[in-house]
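Protein chains: 2
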Amino acid sequence: MSEKITIYDIAKKLNITAATVSRALNNNPKIKDSTKQLVLETAASMNYKQNKLALALKSGRSNNIGVIVPRIDSNFFASVIRGIEEELYPHGYQVIICQTHENPKRENENLYTLIDAQVDGILMSVTDVTNENDSAFRNVLEKNVPLIFFDRSKHIDGVSSVTINDFKGGYITTKQLINQGCKYIAHLSGDQSLEIFKNRFLGYKQALLDNGIEFSEKYVIQSKSSVEAGKNAINILLELETPPDAIFSSSDFAALGAIQELRDRKINIPQEFCVAGFSNEPFTKFMELSITSVDQSPLEMGRMSARVFLEQVGKTDTIKIEKKVVLAPELHIRKSTSRINS
Amino acid sequence: MSEKITIYDIAKKLNITAATVSRALNNNPKIKDSTKQLVLETAASMNYKQNKLALALKSGRSNNIGVIVPRIDSNFFASVIRGIEEELYPHGYQVIICQTHENPKRENENLYTLIDAQVDGILMSVTDVTNENDSAFRNVLEKNVPLIFFDRSKHIDGVSSVTINDFKGGYITTKQLINQGCKYIAHLSGDQSLEIFKNRFLGYKQALLDNGIEFSEKYVIQSKSSVEAGKNAINILLELETPPDAIFSSSDFAALGAIQELRDRKINIPQEFCVAGFSNEPFTKFMELSITSVDQSPLEMGRMSARVFLEQVGKTDTIKIEKKVVLAPELHIRKSTSRINS
DNA sequence: GTTAACTATGTAATCGATTACACGAAAGTA
DNA sequence: TACTTTCGTGTAATCGATTACATAGTTAAC
Numbered sequence: 002m003s004e005k006i007t008i009y010d011i012a013k014k015l016n017i018t019a020a021t022v023s024r025a026l027n028n029n030p031k032i033k034d035s036t037k038q039l040v041l042e043t044a045a046s047m048n049y050k051q052n053k054l055a056l057a058l059k060s061g062r063s064n065n066i067g068v069i070v071p072r073i074d075s076n077f078f079a080s081v082i083r084g085i086e087e088e089l090y091p092h093g094y095q096v097i098i099c100q101t102h103e104n105p106k107r108e109n110e111n112l113y114t115l116i117d118a119q120v121d122g123i124l125m126s127v128t129d130v131t132n133e134n135d136s137a138f139r140n141v142l143e144k145n146v147p148l149i150f151f152d153r154s155k156h157i158d159g160v161s162s163v164t165i166n167d168f169k170g171g172y173i174t175t176k177q178l179i180n181q182g183c184k185y186i187a188h189l190s191g192d193q194s195l196e197i198f199k200n201r202f203l204g205y206k207q208a209l210l211d212n213g214i215e216f217s218e219k220y221v222i223q224s225k226s227s228v229e230a231g232k233n234a235i236n237i238l239l240e241l242e243t244p245p246d247a248i249f250s251s252s253d254f255a256a257l258g259a260i261q262e263l264r265d266r267k268i269n270i271p272q273e274f275c276v277a278g279f280s281n282e283p284f285t286k287f288m289e290l291s292i293t294s295v296d297q298s299p300l301e302m303g304r305m306s307a308r309v310f311l312e313q314v315g316k317t318d319t320i321k322i323e324k325k326v327v328l329a330p331e332l333h334i335r336k337s338t339s340r341i342n343s
Numbered sequence: 002m003s004e005k006i007t008i009y010d011i012a013k014k015l016n017i018t019a020a021t022v023s024r025a026l027n028n029n030p031k032i033k034d035s036t037k038q039l040v041l042e043t044a045a046s047m048n049y050k051q052n053k054l055a056l057a058l059k060s061g062r063s064n065n066i067g068v069i070v071p072r073i074d075s076n077f078f079a080s081v082i083r084g085i086e087e088e089l090y091p092h093g094y095q096v097i098i099c100q101t102h103e104n105p106k107r108e109n110e111n112l113y114t115l116i117d118a119q120v121d122g123i124l125m126s127v128t129d130v131t132n133e134n135d136s137a138f139r140n141v142l143e144k145n146v147p148l149i150f151f152d153r154s155k156h157i158d159g160v161s162s163v164t165i166n167d168f169k170g171g172y173i174t175t176k177q178l179i180n181q182g183c184k185y186i187a188h189l190s191g192d193q194s195l196e197i198f199k200n201r202f203l204g205y206k207q208a209l210l211d212n213g214i215e216f217s218e219k220y221v222i223q224s225k226s227s228v229e230a231g232k233n234a235i236n237i238l239l240e241l242e243t244p245p246d247a248i249f250s251s252s253d254f255a256a257l258g259a260i261q262e263l264r265d266r267k268i269n270i271p272q273e274f275c276v277a278g279f280s281n282e283p284f285t286k287f288m289e290l291s292i293t294s295v296d297q298s299p300l301e302m303g304r305m306s307a308r309v310f311l312e313q314v315g316k317t318d319t320i321k322i323e324k325k326v327v328l329a330p331e332l333h334i335r336k337s338t339s340r341i342n343s
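If you read the sequences in order, they're chains A and B.
So in our numbering the end of the first sequence lands on 343, straight run, no missing numbers.
So in our numbering the end of the second sequence lands on 343, straight run, no missing numbers.
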C-alpha cells in the first residue's frame, strides 16, 4: 500500500524542516555534511521518490517533450522517434507521442493538448499546411515553447527545422533513371502543398531539364502513400498515348503497388520499366526484386531534431534562434532500376 | 510574449476570487449562471489555458501513461503503440514512450522514471525475466499504479496481461509445415525465459508429437531476432547428419535470413525447404517469395491493453483485478510454405 | 417577526517541492 | 569585550488549481 513519501515525512522523522531535507537532497553546500548524510540515508530507507509533478509545477518545466507525427506505425516515423528518444533520454526528458492520422483538426488538438500539458518543447512533422490553423502554431510560439519541424516542414518565423534535401533526392533518383536509359519518366507525388513533395518534384523536373528530356504534366500524378495508389497510378499512366518507361515515386508503398501492377501486366522490371521509391522502408531491401529508394536517415533526423531542441530550450530570454538543418539524401540503387548490372 | 494566464488573473480582472473562477470553469451548480457566463467569456478573451501540472499535483493524476517496449522501430511494437494511443486519446491520456533496447537495466530505469513522473499506468512488453529486478515491478504495484503486460508477459500477482496464444501460434504453424509434407522441422526460438518463446516452442513440440514426428533437441536453435541470426542458424542446421527440410522461426527477420541463406545455397523454397516466421511483419507479405507468418494483431493488442488499463485505473481501493486477455493468433499462409498451391 | 433553509461567494488549506529571507549560534577580529 | 562573519537551519511564500468550511444575503416558513 505504501503511501507516498514526501520530504515532510522525512523531516518529521528527523525533527528538522522540509526545507532542510530539500536542500540536503539537492546537495546544497550550506547544509552540514552530517545532516546530508542523515537525510540521504533516511530518504533511502523510507524509499522516498521525488514528486516530479510538484517540481514541474514549481519550476515551470515538465521535462516532457511532445512529438507529433502523422502515424507511428511507419518505419520512417518510428525510426525518427527512436532517434529522438535516444538522444533525449540521457538528458532526462520523456517523449510524449501524438498521432494526427493526416487530420489537420487532430494536429491542432495535439498542439493545444501538448501546450496544456506544459511540455518543454514540441518536435513534429506537419500534416497540414493551410494557414487556417496557424493560430495553433502561434500559440506554441507565444508560450515560448521551442518548436522544431522534422521532415515535413513549414515556413514559420522562429521555427527550426531538420529535413533532408528533398530536391536533391528527387534529382539524383531521376538522374539514375535517366542513366539507365529511361526516356519517359513519370512521377508519383504527394500533396504538393507539403514542401517535401514539392521539392522532390522540382528535383525531378530539374533533372529532366538538365538532361534534355521534355517535362510533361501528364507524367505527374498526385497520390496517397499506399500500395493501392501505386496500382492506380500505373493504370492511368499506361493508358497514355506515350506510356512512361519509368516511375520515380515519392512513396515506397506506391512504388511497391506500381511494381505489383506492372508484374500483373507481365511487364519486365527493370528491363522494360524502372521503378524507384522514396524513404528506404525496410521491405524495399528485402524484396527479391529489391526497390531503389532514397534513404532519409530517419534515426539521424530524430537525433538532430532533439539536439536542436536541446540547444534552444531555456534560451527563450534571447532572440529566437531559427536553425535549418538539411541532411543529405542517400540513394540506394537496387534491382528495380538496375538494367546494367542486373 | 504572452505571460501565462491563471485563474488568479481572471479573478483579479473580475473582482472575484480564484475559487469562484475555478468553480465557474468547472460548471459547479452553485455558481450563478451570469457569473459563469462572465468567467467563461473573460477566460476565453484572455486566452486562458488550464495548467495541467497544477491539476495533476492536486489530484495526484497526471493523465499520462507510460509505455515501455524493447524498441519502437519494429512494425509490431509501433502498431501496438498506435493502438494504445488511439484508444486512450479520447479519454484524455497522453502516451509516454520508453525503449529498453533489450537491456534489463534500462527497463528498471524506465519503470522508476515513469513512477517518478507520476504516470497513471504502465503498459509494457517485458525485456527481462530474471527475478533480480522484481523490485522495480513491486515498486510500481506498491504505488497502486496499474501495470499491464502486452505480448511479452511475466507472472506477477496483480498484473494483467494481453497476449496472443503463442502455444497455438506455434502449433498451427508447425502443423501447416507438416501438412506440406515436411518431416524434419527445425525451430528457431528466442530467449526461452520469455514466455512467448517458450510457448511457441511448446506448441511446436506438441504439434510434432501429435503427428507422430520425433522431437529432437538438435533441431532447436536459440537465436536473436535478426537476419544474420537466421543465416547462422541455417549454416548450423545444414551441417547436421539429417538436415531439416523446414524451419518454423519465432522471428520474421530470422526467417528472412534463413531464406536468403538457403537461396545462396541454391536450395528451392518451398519445394525442398519450407520456412515460416512469426509476427507478420509487412515485408513478409511484400516479398516475391512471400513468407508464411503468424499475425499477432498488434493494433488490437494495443487497444485491448489500453481498455484493460481503463478498467483498472481509479479502482485501486478495491482488491486488485488481475485480467488475462489472450488473443487468437492468425496464420497467414504464403508462398514460403505452399508446396501444393504454389 | 423570528428562525430555518438556501444561494452565491469568500477564506484558507492542500498537493510536494523549492528558495528568498530571517535568525540564532559559533567563530573570527579588533 | 564588543562586533562582524560565517554557518546551519527555520519560516513562510510560491507554483496554479481544487475544495471543505465559513459567511453574507435572500427567500421561505410558521
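Backbone N, C-alpha and C fix where the C-beta goes; we use that ideal spot for every residue, glycine too.
Keep in mind the model is a prediction, meaning the values are calculated, not measured.
Contact set between residue i and chain B, taken where Cβ atoms lie within less than 8 Å
i	result
residue 288(A)	284, 287, 288, 289
Contact with chain B by residue i, beta-carbon distance below 9 Å
i	result
residue 152(A)	no
residue 83(A)	yes
residue 87(A)	yes
residue 99(A)	yes
residue 90(A)	yes
residue 225(A)	no
residue 267(A)	no
residue 27(A)	no
Chain A contact for residue i (CB, 9 Å cutoff)
i	result
residue 114(B)	yes
residue 95(B)	yes
residue 79(B)	yes
residue 335(B)	no
residue 319(B)	For residue 319(B), the pLDDT reaches just 46, beneath the cut-off of 50, and the residue's location in the model is therefore unreliable, leaving the point undetermined.
residue 74(B)	yes
residue 57(B)	yes
residue 344(B)	No answer is possible for residue 344(B): it lies beyond the span of chain B, which begins at 2 and ends at 343.
residue 5(B)	yes
residue 2(B)	In this predicted model, residue 2(B) has a pLDDT of only 41, less than 50, meaning its place in the structure is not dependable enough to derive any value.
Distance between beta carbons of residue j and residue i, contact taken as under 8 Å
i	j	result
residue 149(B)	residue 162(B)	7 Å
residue 234(B)	residue 259(B)	6 Å
residue 159(A)	residue 323(A)	6 Å
residue 332(A)	residue 174(A)	6 Å
residue 116(B)	residue 141(B)	6 Å
For residue i: DSSP bridge partner residues
i	result
residue 191(B)	Note: residue 191(B) sits in no beta bridge, so no partner.
residue 65(A)	95(A)
residue 122(B)	66(B)
residue 325(A)	162(A)
Neighbouring residues, chain B, relative to residue i (Cβ below 7 Å)
i	result
residue 63(A)	54
Partner residues on chain A for residue i, Cβ-Cβ distance less than 9 Å
i	result
residue 234(B)	The contacting residues do not exist; residue 234(B) stays about 17 Å from chain A at best.
residue 50(B)	113, 116, 117, 140, 144
Per-residue contacts from residue i into chain A (C-beta, under 7 Å)
i	result
residue 257(B)	287
Are there three or more Cβ pairs, one per stretch, closer than 8 Å when the segment 159 to 167 of chain B is compared with the segment 196 to 210 of chain B?
yes
Three CB pairs or more closer than 8 Å across the segment 62 to 75 of chain A and the segment 98 to 110 of chain A:
yes
Check whether the segment 247 to 255 of chain A and the segment 273 to 284 of chain A are in contact - that is, three or more C-beta pairs closer than 8 Å.
yes
How about the segment 285 to 305 of chain A and the segment 55 to 66 of chain A: do they share at least three Cβ pairs that are nearer than 8 Å?
no
Okay, do the segment 177 to 196 of chain B and the segment 299 to 316 of chain B touch, 3+ Cβ pairs below 8 Å being the bar?
no
Cβ contact check for the segment 6 to 23 of chain B and the segment 37 to 49 of chain B: 3 or more pairs under 8 Å
yes
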